[in-house]
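A short write-up of the structure that comes next.
There are 2 protein chains.
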Amino acid sequence: MGRPREFDVDEALETAMELFWRKGYEGTSLTDLTDGMGITKPSLYGVFGNKEGLFLKALERYQRTKMYFFHEALKEPRARIVAEKILRGFADSQTAETGPSGCMGINGALACSEAAAEIQKCLVENRHRGERDLAERFARAAEEGDLPEGHEPDDLARYIMTVSQGTAIQAASGANRAELYRVVDMALQFWPAESVVPAQ
Amino acid sequence: MGRPREFDVDEALETAMELFWRKGYEGTSLTDLTDGMGITKPSLYGVFGNKEGLFLKALERYQRTKMYFFHEALKEPRARIVAEKILRGFADSQTAETGPSGCMGINGALACSEAAAEIQKCLVENRHRGERDLAERFARAAEEGDLPEGHEPDDLARYIMTVSQGTAIQAASGANRAELYRVVDMALQFWPAESVVPAQ
DNA sequence: ATTTTTTTATACCGATCGGTATATAATTCG
DNA sequence: CGAATTATATACCGATCGGTATAAAAAAAT
């Protein structure tokens with residue numbers, strides 16, 4: 122009932138996601154958003170609440186569509202494949218021809234004013250969540266004898282996430298996919314392809 | 122001649138550097154700057170030109186004081202020590218108790234509005250310059266037989282810088298020095314401590 | 001056809017943004 | 001002592017920030 126909405130919410134959210142990804146939370150103005158999404162401010166506020174709400178919905182969409190590979194990777198049976206799929210998945214996402222370079226979870230609000238502190242906190246927690254999920258996967262691998270000798274699951278997880286975050290900066294600085302793949306190759310070199318026979 | 126300046130320019134610049142480092146270029150307002158530096162806007166503009174000029178002078182100070190280790194590391198005779206000193210130097214700087222976490226060259230303007238595009242470009246070039254300097258050092262090492270087999274100088278340099286940039290994000294997300302050191306240890310594990318006998 | 005409901009368009013809000021004009025205060029030079 | 005010079009303090013500038021009040025437009029329900 123009532124006047125029908127004249128724009129596609131999902132399409133508008135996709136545009137908002139790309140803007141926040143490319144220019145960050147504070148670097149994207151409401152004018153950028155309304156111009157890009159092709160809607161007016163009252164429409165934006167009616168559907169998404171406010172700028173912060175829109176960003177969080179855009180981030181949720183980013184996780185669901187662009188970071189899908191992450192939780193898929195965790196399902197791989199061998200820890201080294203988990204690590205490699207995550208690193209290549211990040212490199213792919215950070216250098217996709219469609220869409221901005223780098224990572225929305227980092228570009229969004231790395232350093233910012235007090236006004237964006239809450240968004241910054243969400244993104245930090247977001248990164249910690251991913252790192253913790255990976256650490257838990259590696260902890261399982263450790264029980265299975267599927268980790269390289271002399272490494273703690275937490276340390277391995279932090280290492281993989283550190284390299285992934287490094288490639289995000291590289292991508293934002295102009296590095297291409299082939300260059301990031303070579304970084305990934307080097308990052309995994311210490312990890313034998315057949316590290317240990319997994320426990321049966 | 123004329124009325125003497127009532128503040129220490131170097132001290133004020135140090136404060137500006139810390140503010141830009143912690144909150145980024147766009148996240149730091151002129152009010153933040155003048156309050157922190159303890160001077161008025163006309164004084165700031167009289168000495169530093171404008172906000173952009175102040176940022177660039179603060180960045181120059183950052184390079185000179187906080188990134189001093191980088192060009193010192195390049196002088197090490199062995200490439201692996203160069204790499205290790207750079208990685209640990211970054212980890213140290215990014216987690217110093219005095220001063221903000223992370224790296225000013227990344228926090229400054231990773232993703233931003235068009236208004237900060239020039240600053241963003243300067244920081245990208247800044248990162249490229251460091252990577253190129255390291256690549257040139259590794260190229261010399263290659264001639265000396267001082268690189269691990271099967272690796273190009275450019276790739277090794279990009280890899281080291283990627284890990285350094287990754288630790289910058291980790292530090293900005295709350296990681297401490299000991300954690301980053303363990304990341305560094307893993308990042309260098311593929312690189313034998315005595316890789317190849319250097320040419321005499 | 002009229003009422004009700006929802007979305008749209010327009011115009012506006014106070015606050016803050018980076019930057020500056022003006023005048024006064026503090027010094028050196030003559 | 002002026003006169004000249006430089007730095008300070010105050011008040012202000014237009015533009016933009018995120019956000020909203022108001023009312024017209026477009027649909028469904030009665």
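Note that the protein sequences, when read in sequence, are chains A and B.
Note that my numbering has the first sequence beginning at 122, numbered continuously upward.
Note that my numbering has the second sequence beginning at 122, numbered continuously upward.
Every residue, glycine too, gets a C-beta built ideally from N, C-alpha and C.
query                                                                                                             : result
Contact under 8 Å by Cβ, residue 323(B) with residue 305(B)                                                       : Any question about residue 323(B) goes unanswered here, given that chain B covers just 122 to 321.
N- and C-terminal bounds of the alpha helix (DSSP H) containing residue 294(B)                                    : Element bounds for residue 294(B): n/a, residue is neither H nor E.
Beta-carbon proximity of residue 227(B) to residue 286(B), cut-off 8 Å                                            : yes
Selection of the segment 279-294 of chain A by Cβ proximity to chain B, strictly under 9 Å                        : 279, 280, 282, 283, 284, 285, 286, 287, 288, 289, 290, 291, 293, 294
Through-space distance from residue 170(B) to residue 203(B), alpha-carbon basis                                  : 38 Å
Amino acids of chain A, ordered along the chain, whose beta-carbon sits closer than 8 Å to that of residue 243(B) : The contacting residues do not exist; residue 243(B) stays about 12 Å from chain A at best.
Alpha-carbon spacing of residue 251(A) relative to residue 158(B), whole angstroms                                : 38 Å
Within chain B, the residues that residue 148(A) reaches when beta carbons sit closer than 8 Å                    : 147, 232, 233, 234, 237
Distance between residue 161(B) and residue 292(A) (C-alpha atoms, nearest Å)                                     : 39 Å
Where residue 241(A) falls: helix, strand or coil (DSSP)                                                          : helix
Euclidean distance between Cα positions of residue 230(B) and residue 139(A)                                      : 18 Å
Sub-8 Å separation of residue 147(A) and residue 148(B) beta-carbons                                              : yes
Helix, strand or coil at residue 166(A) [DSSP, three-state]                                                       : helix
Three-state class that DSSP yields for residue 320(B) in the structure shown                                      : A caution first: residue 320(B) carries a pLDDT of 48, below 50, which makes its placement in the model unreliable, though a value can still be read off. In the structure shown, residue 320(B) sits in coil (DSSP, three-state: anything other than H, G, I, E or B).
Within 8 Å, strictly: CB atoms of residue 302(A) and residue 212(A)                                               : yes
Cβ neighbours of residue 274(B) in the same chain (closer than 6 Å, five flanking residues each side left out)    : 256, 259, 260, 263
Residue 274(A) - DSSP class collapsed to helix/strand/coil                                                        : helix
Cβ distance (whole Å) where residue 307(A) is taken to contact residue 280(B) below 8 Å                           : 5 Å
Interface residues of chain A facing residue 304(B) [CB-CB closer than 8 Å]                                       : 276, 279, 280, 283
Cutoff 8 Å: residue 196(B) Cβ touching any chain A Cβ                                                             : no
Beta carbon proximity, residue 249(A) to chain B, threshold 8 Å                                                   : yes
Neighbour list for residue 143(B) in chain A, Cβ cutoff strictly below 7 Å                                        : 232
is_contact[residue 297(B), chain A] using C-beta, thresh 8 Å                                                      : no
Same chain only: Cβ atoms within 6 Å of residue 132(A), ignoring 5 sequence neighbours per side                   : none
Minimum Cβ-Cβ distance from residue 184(A) to chain B less than 8 Å                                               : no
Residue closest to residue 300(B), alpha-carbon to alpha-carbon, out of 180(B), 309(B), 288(B)                    : 288(B)
Under the three-state DSSP convention, the category residue 153(B) falls into                                     : helix
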